[in-house]
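Protein chains in written order, with the working numbering: chain A, 261 to 438; chain B, 261 to 418.
A virtual CB, placed ideally from N, CA and C, is assigned to each residue, including glycine.
Because the structure is a prediction, the values reported are computed rather than measured.
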Amino acid sequence: MKMFLKRYKWVLTLLVINIIVGIMYPNIGKLSFQNTKANFLQILAIIPPVFILLGLLDVWVERTTMIKYLGKGAGIKGFAIALLLGSVAAGPLYAAFPVALVMLKKRASLFNVFVFIGAWSTTKIPMFTFEIASLGVKFGIVRMCCSLVGITLIALLISGLLNKKDEDAIYERAENVI
Amino acid sequence: MFTKILYIAVAVCLLISLIKDKKKTKKALFKSWKSFEKILPQFLVIILIIGMMLSVVDEETISRFLGAGSGFLGVLIALVVGSITLIPGFVAFPLSAALLNNGAGVAQIAAFVSSLMMVGVVTIPMEQKMFGTKVTVIRNLSAVAFSLIVAFIMGAVL
Chain A
261 MKMFLKRYKW
271 VLTLLVINII
281 VGIMYPNIGK
291 LSFQNTKANF
301 LQILAIIPPV
311 FILLGLLDVW
321 VERTTMIKYL
331 GKGAGIKGFA
341 IALLLGSVAA
351 GPLYAAFPVA
361 LVMLKKRASL
371 FNVFVFIGAW
381 STTKIPMFTF
391 EIASLGVKFG
401 IVRMCCSLVG
411 ITLIALLISG
421 LLNKKDEDAI
431 YERAENVI
Chain B
261 MFTKILYIAV
271 AVCLLISLIK
281 DKKKTKKALF
291 KSWKSFEKIL
301 PQFLVIILII
311 GMMLSVVDEE
321 TISRFLGAGS
331 GFLGVLIALV
341 VGSITLIPGF
351 VAFPLSAALL
361 NNGAGVAQIA
371 AFVSSLMMVG
381 VVTIPMEQKM
391 FGTKVTVIRN
401 LSAVAFSLIV
411 AFIMGAVL
């Protein structure tokens, strides 16, 4: 019980704030709960496949396999795989974080993992088709081209700016994810 | 559509896993549950914050800030709004389209869309916990800078 309270203290705090706001401003409070419910259901819809995939990935993919395809020596092939993996994803960016941690746990390289995160954030194919439908082909394609360059640069920047100690800390954190 | 494909793909994987090794599959599902339960509080916090934010900052307010002729200031506002809010794409794109049709600039919309997808102020505590402070700061700051560049490129090209 104490554990529960400690882990969920922010959730509970926000809930209480929301309820207080709801009492003072019923319209805003109600809308807020409706938004929360809608978002919750939306995320709930994509959570089961993402996490089942995580579990399967952890059990079936050997570290050597991950190193071979996405590790430090994987080269351009690793980059392409990371980009593709991120691009076929569904769900918000923060759903990518636990997946990225499992990849790190299996010793994918930092660069490839951040390419994956970048791709998940902005070159997702489902979103891209939707972007083109809403904002036009030209808008979508110019932005996609920029994004591909940007993702690569950001991943290079992150992996370049980290020293050995930072790297070790990240891999160590990834060990405890599951 | 893609969520459905994801479900089918994962179901197939799960089935193959089950046929190949029951025990391993059970272990995988247990791990799935455990890792989900581990980040559930963070998920809930994010969802609650988004819910509150969207109830105060509605589409009309966003439209007003990103309106026509807002210039560089408009780009900056778009950047900040995009960085802070976590609007799902299927809401953000039609909203952006509506804004564009109502005279908002391409640069502002590009800044908004790009920062919306790449920068997550609300999710920073979660990101920090998983990847550490340094990665989180570098990733988010460079994503902000990148969104700014994209805004200018797209403003110039389109």
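- Among the residues of chain B, those whose CB is under 8 angstroms from the CB of A305 (chain A) are T263, following chain order.
- Against T345 (chain B), chain A offers no close residue; the least beta-carbon distance is about 12 angstroms (beta-carbon pairs closer than 7 angstroms).
- At a cut-off of 8 angstroms between beta carbons, V341 (chain B) makes no contact with chain A.
- If you look at S381 (chain A), you'll find it in the alpha helix (DSSP H) that goes 370-382.
- The closest CA to that of N287 (chain A), considering only B:S343, B:M377, B:L314, B:M386, is found on B:L314.
- Residues of the same chain with a CB within less than 8 angstroms of the CB of L265 (chain A), apart from the 5 flanking positions on each side, are L272 in chain order.
- In this structure, the CA atom of V276 (chain A) is about 15 angstroms from the CA atom of I310 (chain B).
- Ranked by how close their Cα comes to the Cα of L364 (chain A), the residues A:P352, A:I377, A:T412 have A:I377 in first place.
- With a contact defined as Cβ atoms closer than 8 angstroms, M378 (chain B) and T389 (chain A) miss out at about 19 angstroms.
- Listed along chain A, the residues sitting closer than 8 angstroms to L274 (chain B) by beta-carbon distance are I312, L316.
- The beta-carbon separation of A342 (chain A) and A379 (chain A), rounded to 7 angstroms, stays under the 8 angstroms limit for a contact.
- Secondary structure at E391 (chain A): helix, using DSSP grouped into helix, strand and coil.
- A straight line joining the alpha-carbon of K269 (chain A) with that of K298 (chain B) spans about 14 angstroms.
- Contact with chain A is found for G392 (chain B), since one of that chain's Cβ atoms lies less than 8 angstroms from the residue's Cβ.
- If you check each beta-carbon in the region 409-427 of chain A against every beta-carbon of chain B, the ones closer than 8 angstroms belong to G410, L413, I414, L417, I418, L421, L422, D426.
- Counting every other CB atom within 10 Å of its CB across the protein chains shown gives F332 (chain B) a total below 16, marking it as exposed.
- With its beta carbon less than 8 angstroms from one in chain B, P358 (chain A) belongs to the interface.
- Pairing S407 (chain B) with C406 (chain A), the inter-Cα distance amounts to about 9 angstroms.
- Note on K425 (chain A): under 16 other CB atoms within 10 angstroms of its CB, so exposed under the neighbour-count rule.
- Taking C-beta atoms as the reference points, I384 (chain B) and T296 (chain A) fail to come closer than 8 angstroms.
- Any Cβ of chain A closer than 8 angstroms to the Cβ of R399 (chain B) would place that residue at the interface, and such an atom is present.
- For F293 (chain A), the nearest beta carbon of chain B is closer than 8 angstroms to its own beta carbon.
- In the DSSP assignment, A434 (chain A) falls within the alpha helix (DSSP H) that extends over 424-435.
- A Cβ-Cβ contact shorter than 8 angstroms links F353 (chain B) with E391 (chain A).
- Counted as a single uninterrupted DSSP element, the alpha helix (DSSP H) harbouring M390 (chain B) occupies residues 384-391.
- The beta carbon of A368 (chain A) sits closer than 7 angstroms to those of M326, L330, G331, all from its chain and outside the five residues before and after it, given in chain order.
- DSSP places G400 (chain A) in the uninterrupted alpha helix (DSSP H) bounded by 397-421.
- Excluding the 5 residues flanking it on each side, L422 (chain A) has same chain C-beta neighbours closer than 8 angstroms at L370, I430, in chain order.
- The beta-carbon separation of F311 (chain A) and F296 (chain B), rounded to 5 angstroms, stays under the 8 angstroms limit for a contact.
- In this structure A358 (chain B) is exposed. Its beta-carbon is surrounded by fewer than 16 other beta-carbon atoms within 10 angstroms.
- For E297 (chain B), the enclosing alpha helix (DSSP H) has its first and last residue at 282-316.
- By the 16-neighbour rule on beta-carbons within 10 angstroms, M284 (chain A) is exposed.
- For A355 (chain A), no alpha helix (DSSP H) encloses it, and the DSSP letter there is neither H nor E.
- Across the set A:V362, A:S347, A:T412, the C-alpha of A:S347 shows the shortest separation from the C-alpha of M387 (chain A).
- Secondary structure note for R367 (chain A): it is in no alpha helix (DSSP H), with a DSSP letter that is neither H nor E.
- Going by C-alpha positions, L313 (chain A) is about 11 angstroms away from T285 (chain B).
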